[in-house]
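S.K.:
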Amino acid sequence: MMNKTSRTHDFELRPGMKIHGKWHKRSYLIKKKLGNGAIGTVYLCEESKKLFALKISSKNSSMTMEVNVLKSLEKVQGNRLGPYLIDVDDWLAPNGSTYSFYVMEYIDGQTIHDFISRNGKEWIGVFILQLLDDLEKLHQAGWVFGDLKTDNLIVSSNPPKIRWIDVGGTTQIGRAIKEYTEFYDRGYWELGSRRAEPTYDLFALVMIFLNLFYPSRFEKGANTKASLFKRIDKVQALRPYEVCFKKALTGKYRSAKEMRQEIAQRLYNTQRKVAHNQKTPSDNYPPILFESIGITLIAFIYYVTSLLVY
Amino acid sequence: MKKGTLKQILLITDGCSNKGEDPSATAALAHQQGITVNVIGILEDDQTEDPQGLQEVEDIALSGGGVSQLVYKQALSQTVQMVTKQAMTQTLQGFVNTELKQILGSEQTMEDLEPEKRGEIMEVVEDLGETCDLEVLVLIDTSASMHDKLPTVKEALIDLSISLNARIGRNRFSIFSFPGKRKDIDKVLDWSPKLDSISSVFPKLTSGGITPTGPAIREAMYQFGKKSLLRSFRKNDEQDVENA
Numbered sequence: 001m002m003n004k005t006s007r008t009h010d011f012e013l014r015p016g017m018k019i020h021g022k023w024h025k026r027s028y029l030i031k032k033k034l035g036n037g038a039i040g041t042v043y044l045c046e047e048s049k050k051l052f053a054l055k056i057s058s059k060n061s062s063m064t065m066e067v068n069v070l071k072s073l074e075k076v077q078g079n080r081l082g083p084y085l086i087d088v089d090d091w092l093a094p095n096g097s098t099y100s101f102y103v104m105e106y107i108d109g110q111t112i113h114d115f116i117s118r119n120g121k122e123w124i125g126v127f128i129l130q131l132l133d134d135l136e137k138l139h140q141a142g143w144v145f146g147d148l149k150t151d152n153l154i155v156s157s158n159p160p161k162i163r164w165i166d167v168g169g170t171t172q173i174g175r176a177i178k179e180y181t182e183f184y185d186r187g188y189w190e191l192g193s194r195r196a197e198p199t200y201d202l203f204a205l206v207m208i209f210l211n212l213f214y215p216s217r218f219e220k221g222a223n224t225k226a227s228l229f230k231r232i233d234k235v236q237a238l239r240p241y242e243v244c245f246k247k248a249l250t251g252k253y254r255s256a257k258e259m260r261q262e263i264a265q266r267l268y269n270t271q272r273k274v275a276h277n278q279k280t281p282s283d284n285y286p287p288i289l290f291e292s293i294g295i296t297l298i299a300f301i302y303y304v305t306s307l308l309v310y
Numbered sequence: 001m002k003k004g005t006l007k008q009i010l011l012i013t014d015g016c017s018n019k020g021e022d023p024s025a026t027a028a029l030a031h032q033q034g035i036t037v038n039v040i041g042i043l044e045d046d047q048t049e050d051p052q053g054l055q056e057v058e059d060i061a062l063s064g065g066g067v068s069q070l071v072y073k074q075a076l077s078q079t080v081q082m083v084t085k086q087a088m089t090q091t092l093q094g095f096v097n098t099e100l101k102q103i104l105g106s107e108q109t110m111e112d113l114e115p116e117k118r119g120e121i122m123e124v125v126e127d128l129g130e131t132c133d134l135e136v137l138v139l140i141d142t143s144a145s146m147h148d149k150l151p152t153v154k155e156a157l158i159d160l161s162i163s164l165n166a167r168i169g170r171n172r173f174s175i176f177s178f179p180g181k182r183k184d185i186d187k188v189l190d191w192s193p194k195l196d197s198i199s200s201v202f203p204k205l206t207s208g209g210i211t212p213t214g215p216a217i218r219e220a221m222y223q224f225g226k227k228s229l230l231r232s233f234r235k236n237d238e239q240d241v242e243n244a
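Residue numbers (the UniProt record's numbering), protein chains in the order written: chain A, 1 to 310; chain B, 1 to 244.
(1) For B/ASP184, which residues from the same chain have a beta carbon less than 7 Å from its beta carbon, with the 5 sequence-adjacent residues on both sides left out?
(2) Between A/TYR188 and the rest of its own chain, which residues show a CB-CB distance below 6 Å, the 5 nearest in sequence each way excluded?
(3) For A/LYS302, does the count of other Cβ atoms within 10 angstroms reach 16, so buried, or fall short, so exposed?
(4) Among the residues of its own chain, which have a CB less than 6 Å from the CB of B/ALA81, if the five just before and after it don't count?
(5) Helix, strand or coil for B/ASN18, going by three-state DSSP, please let me know.
(6) In the DSSP output, what is A/CYS45 paired with across the bridge?
(7) Since A/LEU148 is in the beta strand (DSSP E), which residue starts that stretch and which ends it?
(8) Would you say A/ASP151 lies against chain B (beta-carbon separation less than 8 Å)?
(9) Assuming B/ILE35 and B/PHE173 make a contact with CB atoms under 8 Å, what is their CB distance in whole Å?
(10) Measure the alpha-carbon distance for A/GLY294 versus A/THR305 and round it to whole angstroms.
(11) Do you know how far the Cα of B/ILE12 is from the Cα of B/ALA166?
(12) Taking buried to mean at least 16 other C-beta atoms within 10 Å of its own C-beta, is B/GLN78 buried or exposed?
(13) State whether the segment 110-124 of chain A contacts the segment 65-85 of chain A, with contact taken as three or more CB pairs (one from each stretch) at a distance under 8 Å.
(14) Run through the DSSP bridge pairs and tell me what A/ASN36 is partnered with.
(15) Taking a cut of 8 Å between CB atoms, which residues from the segment 175-208 of chain A lie near chain B?
(16) My parser needs the alpha helix (DSSP H) runs of 4 or more residues fully inside the segment 212-242 of chain A; what are they?
(17) What are the partner residues of B/ILE42, as DSSP defines its beta bridges?
(18) Just by C-beta distance, which residues in the segment 63-79 of chain A are closer than 8 Å to chain B?
(19) Count the other CB atoms, across all protein chains shown, that sit within 10 Å of the CB of B/PRO151; report buried if there are 16 or more and exposed otherwise.
(20) Keeping to the same chain, check which residues put their C-beta closer than 7 Å to that of A/SER255; ignore five residues upstream and five downstream.
(21) Residues of chain B with CB under 9 Å from A/THR98, in chain order?
(22) Enumerate, from N- to C-terminal direction, the unbroken alpha helix (DSSP H) stretches of 4 or more residues contained entirely within the segment 86-173 of chain B.
(23) Name the residue from B/LEU76, B/ASN38, B/ALA27, B/GLN93 whose alpha carbon lies nearest to the alpha carbon of A/LYS59.
(24) Quick one: what's B/SER192 bridged to in DSSP?
(25) In whole angstroms, what separates the C-alpha of B/ILE158 from that of B/LEU104?
(26) Using 8 Å as the Cβ pair cut-off and three pairs as the minimum, do the segment 227-243 of chain A and the segment 201-212 of chain A touch?
(27) Does any residue of chain A bring its CB to less than 8 Å from the CB of B/THR89?
(28) When you compare only the Cα positions, how much space is there between B/LEU62 and B/ASP133?
(29) What did DSSP end up calling A/THR305 once you bin it into helix, strand or coil?
(30) Compare the C-beta of A/SER61 with all C-beta atoms of chain B and state if any pair is closer than 8 Å.
(31) I'd like to know if A/VAL88 contacts chain B, where contact means its C-beta is closer than 8 Å to some C-beta of that chain.
(32) Assign A/ASN152 to one of two classes, buried (16 or more other C-beta atoms within 10 Å of its C-beta) or exposed (fewer than that).
(33) Starting from the beta carbon of B/MET146, find every residue of chain A whose beta carbon is closer than 9 Å, and list them in chain order.
(34) Between A/SER157 and A/ARG195, what straight-line distance do the alpha-carbon atoms span, to the nearest angstrom?
(35) Confirm, please, whether the CB-CB distance from A/LYS178 to A/GLY142 is below 8 Å.
(36) If you follow the beta strand (DSSP E) that A/PHE101 is part of, which residue opens it and which one closes it?
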């Protein structure tokens with residue numbers, strides 16, 4: 001069982017190929033390639049007229065670990081955190097080697113970046129709250145997402161909802177983070193350890209929204225905290241979240257729930273302020289009116305009394 | 001229950017050995033002693049991903065029972081920790097497979113089990129990987145051509161220690177460089193639980209073109225024996241697998 005990293009890439013599947021399961025005997029027709037991950041390649045496939053996503057890789061043990069994660073996520077009650085797992089099997093390829101694959105629910109949608117540039121920046125708040133809701137459920141179940149990043153999220157439509165499409169990095173709380181991407185990793189930014197804690201995910205969540213405005217990312221700099229803070233300050237659209245983002249980057253929130261509450265509160269307040277500010281120009285008129293009426297009245301009374309005295 | 005200790009040599013180099021015995025042979029010897037040899041080959045920016053000269057990198061890791069990877073220096077941090085973790089999983093799986101063979105018959109390995117059973121076994125392997133103790137001896141080629149890569153190597157090693165120290169199990173690291181001034185290898189950092197203590201500079205670089213990779217691996221192997229922690233590695237881990 002030599003799971004050696006080889007420089008040669010995984011076996012490339014072409015549209016029209018059929019993947020037969022060695023154990024459960026189901027077969028899947030490959031439609032197109034959806035993406036490449038650290039561990040395997042994901043394809044769109046079809047079985048009995050239904051579309052699924054199929055992940056295949058030669059790294060059997062890593063695949064088995066991912067399947068374990070997907071299974072435990074399904075046990076998180078009443079919520080579909082990751083994609084729904086359909087089948088797990090092996091495929092004996094024509095070249096003689098065996099590949100592990102698993103089949104999951106196909107979640108269609110667009111990237112957060114595309115969605116926000118099409119539908120407006122006001123969605124940022126919605127997505128932050130949605131992600132924090134899901135993270136809270138995940139953390140409650142004893143897991144940390146780990147490799148939380150833009151590539152692992154998709155916005156499905158009707159209604160727009162952020163879904164997790166790759167949960168391969170999900171790690172039990174208290175262990176070492178299984179998979180991470182430097183830009184989203186607080187260890188890389190020297191702002192915390194790589195131990196799986198709820199705060200680890202909250203850090204990555206902030207980086208997702210920073211990445212929206214800095215798609216080409218940015219260098220670490222000598223003082224990592226200051227350089228991150230500066231990047232947040234520079235983005236007008238992130239102003240409502242500035243305080244909360246900075247707290248999350250420095251691990252000040254104990255839970256996703258706590259961060260969610262503060263963000264929701266701040267969003268509510270800014271909404272109200274905006275609404276209030278819009279009203280004031282028309283509100284300004286009546287007081288002046290009352291004031292002038294009052295002054296005239298007082299002057300009139302004074303005039304009448306002065307008449308009476310003489 | 002006493003957890004075993006995994007022992008690894010992590011060789012970081014950018015070229016071929018040209019002095020002393022065949023590095024693959026010394027790597028095989030180390031493997032026999034229960035030490036896994038992993039190799040990372042650093043590519044020059046203008047090198048293709050499959051250079052002729054670096055075939056040796058793969059060969060050493062193969063006979064050392066470890067993992068090898070060629071990488072440009074920009075991706076070194078991620079690679080160093082990926083290689084280390086993969087090698088741990090691989091070693092632990094090796095033990096589990098040995099156990100399985102004893103239980104299920106000589107031809108059975110994990111791949112012959114249905115995916116559900118495999119999942120349960122992987123959980124055990126993962127648990128072991130998280131909790132076992134780990135000793136990594138980093139062996140750095142400091143021949144002249146490595147000069148501009150050493151700062152990146154240092155960064156990658158600090159990063160490795162951040163990753164590994166997030167585990168539940170304990171870690172011990174040491175760093176050696178080769179070729180040494182008088183000996184085959186020189187000690188840069190003695191066994192310690194963290195790598196942030198790396199002194200700001202690596203030792204003065206040797207200007208010559210000698211790269212005695214083979215003798216360096218042999219010497220590195222003896223460094224594990226020099227500690228008080230010496231225990232029968234295989235015996236320990238096999239017991240663990242049974243207990244788990």
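Ideal Cβ positions, reconstructed from N, Cα and C, are used throughout, including at glycine.
M.R.: This is what the structure gives:
(1) For the purposes of this step, residue 184 of chain B is taken as the residue at position 184 of the second sequence. Correct list, in chain order: PHE178, PRO212, PRO215, ALA216, GLU219.
(2) For the purposes of this step, residue 188 of chain A is taken as residue 188 along the first sequence, with counting starting at 1. Only GLU182 meet the Cβ criterion.
(3) As a working mapping, residue 302 of chain A is identified with position 302 in the first sequence. Looking at the sequence provided, one finds Tyr at residue 302 of chain A rather than Lys. Exposed: under 16 other Cβ atoms inside 10 Å.
(4) To locate residue 81 of chain B, count along the second sequence from 1; it is residue 81. The sequence given here has Gln at residue 81 of chain B, not Ala. Within the same chain, B/GLN81 has close Cβ partners LEU160, SER163.
(5) Translated into the one-based positions of the second sequence, residue 18 of chain B becomes position 18. Coil at B/ASN18, not helix or strand.
(6) Here residue 45 of chain A refers to the residue found at position 45 of the first sequence. Paired residue(s): A/ILE30, A/PHE52.
(7) Counting from 1 along the first sequence, the entry for residue 148 of chain A is found at position 148. No beta strand (DSSP E) holds A/LEU148; DSSP gives it neither H nor E.
(8) On the first sequence, position 151 is the one that residue 151 of chain A refers to. Chain B, which has no Cβ nearer than 8 Å to the Cβ of A/ASP151, makes this no.
(9) Position 35 of the second sequence, counted from the start, is the residue given in the question as residue 35 of chain B. Position 173 of the second sequence, counted from the start, is the residue given in the question as residue 173 of chain B. So it is not a contact: roughly 14 Å between Cβ atoms.
(10) Residue numbering aside, residue 294 of chain A sits at position 294 when the first sequence is read from its first letter. Residue numbering aside, residue 305 of chain A sits at position 305 when the first sequence is read from its first letter. Those two C-alpha atoms are separated by around 16 Å.
(11) As a position in the second sequence, residue 166 of chain B is number 166, starting the count at 1. As a position in the second sequence, residue 12 of chain B is number 12, starting the count at 1. The straight-line gap from Cα to Cα measures roughly 23 Å.
(12) As a position in the second sequence, residue 78 of chain B is number 78, starting the count at 1. The residue in question, B/GLN78, is buried, as its Cβ has 16 or more Cβ neighbours within 10 Å.
(13) no
(14) Within the first sequence, the letter at position 36 stands for residue 36 of chain A. According to DSSP, A/ASN36 bridges with A/THR41.
(15) ARG175, ALA176, ILE177, GLU182, GLY187, TYR188, SER193, ARG194, ARG195, ALA196
(16) 224-234
(17) The residue labelled residue 42 of chain B in the question sits at position 42 within the second sequence. B/VAL71.
(18) THR64, MET65, VAL67, ASN68, LYS71
(19) Counted from its first residue, the second sequence places residue 151 of chain B at position 151. By the 10 Å Cβ count, B/PRO151 comes out exposed.
(20) For the purposes of this step, residue 255 of chain A is identified with residue 255 of the first sequence, where counting begins at 1. So the list reads GLU136, HIS139, PRO198, once near-sequence residues are dropped.
(21) Taking the first sequence and counting its residues from 1, the one referred to as residue 98 of chain A is at position 98. Chain B residues near A/THR98: GLU111.
(22) 115-131, 150-164
(23) Position 59 of the first sequence, counted from the start, is the residue given in the question as residue 59 of chain A. The shortest C-alpha separation from A/LYS59 is found at B/GLN93.
(24) Counted from its first residue, the second sequence places residue 192 of chain B at position 192. B/SER192 is bridged to B/PHE173.
(25) As a first step, residue 158 of chain B must be located in the second sequence, where it is residue number 158. As a first step, residue 104 of chain B must be located in the second sequence, where it is residue number 104. Their backbone Cα atoms lie some 42 Å apart in a straight line.
(26) yes
(27) Position 89 of the second sequence holds residue 89 of chain B. Closer than 8 Å: yes.
(28) Locating residue 62 of chain B in the second sequence gives position 62, where the first residue counts as 1. Locating residue 133 of chain B in the second sequence gives position 133, where the first residue counts as 1. Going by the C-alpha atoms only, they are around 23 Å apart.
(29) On the first sequence, residue 305 of chain A is found 305 positions in, with the first residue counted as 1. Helix, per DSSP.
(30) For the purposes of this step, residue 61 of chain A is identified with residue 61 of the first sequence, where counting begins at 1. Judged by the 8 Å Cβ criterion, A/SER61 is in contact with chain B.
(31) If you number the first sequence from 1, residue 88 of chain A lands on position 88. Chain B contact via Cβ: present.
(32) Here residue 152 of chain A refers to the residue found at position 152 when the first sequence is read from its first residue. A/ASN152 should be labelled buried.
(33) Here the question's residue 146 of chain B lines up with position 146 in the second sequence. Result: empty, since nearest Cβ-Cβ is about 21 Å, beyond 9 Å.
(34) Within the first sequence, numbered from 1, the residue matching residue 157 of chain A stands at position 157. Within the first sequence, numbered from 1, the residue matching residue 195 of chain A stands at position 195. Rounded to the nearest angstrom, the two C-alpha atoms are 34 Å apart.
(35) Here residue 142 of chain A corresponds to residue number 142 of the first sequence, with the count starting at 1. Here residue 178 of chain A corresponds to residue number 178 of the first sequence, with the count starting at 1. No, they are not a contact pair.
(36) Here residue 101 of chain A is taken as the residue at index 101 of the first sequence, counted from 1. Element bounds for A/PHE101: 98-105.
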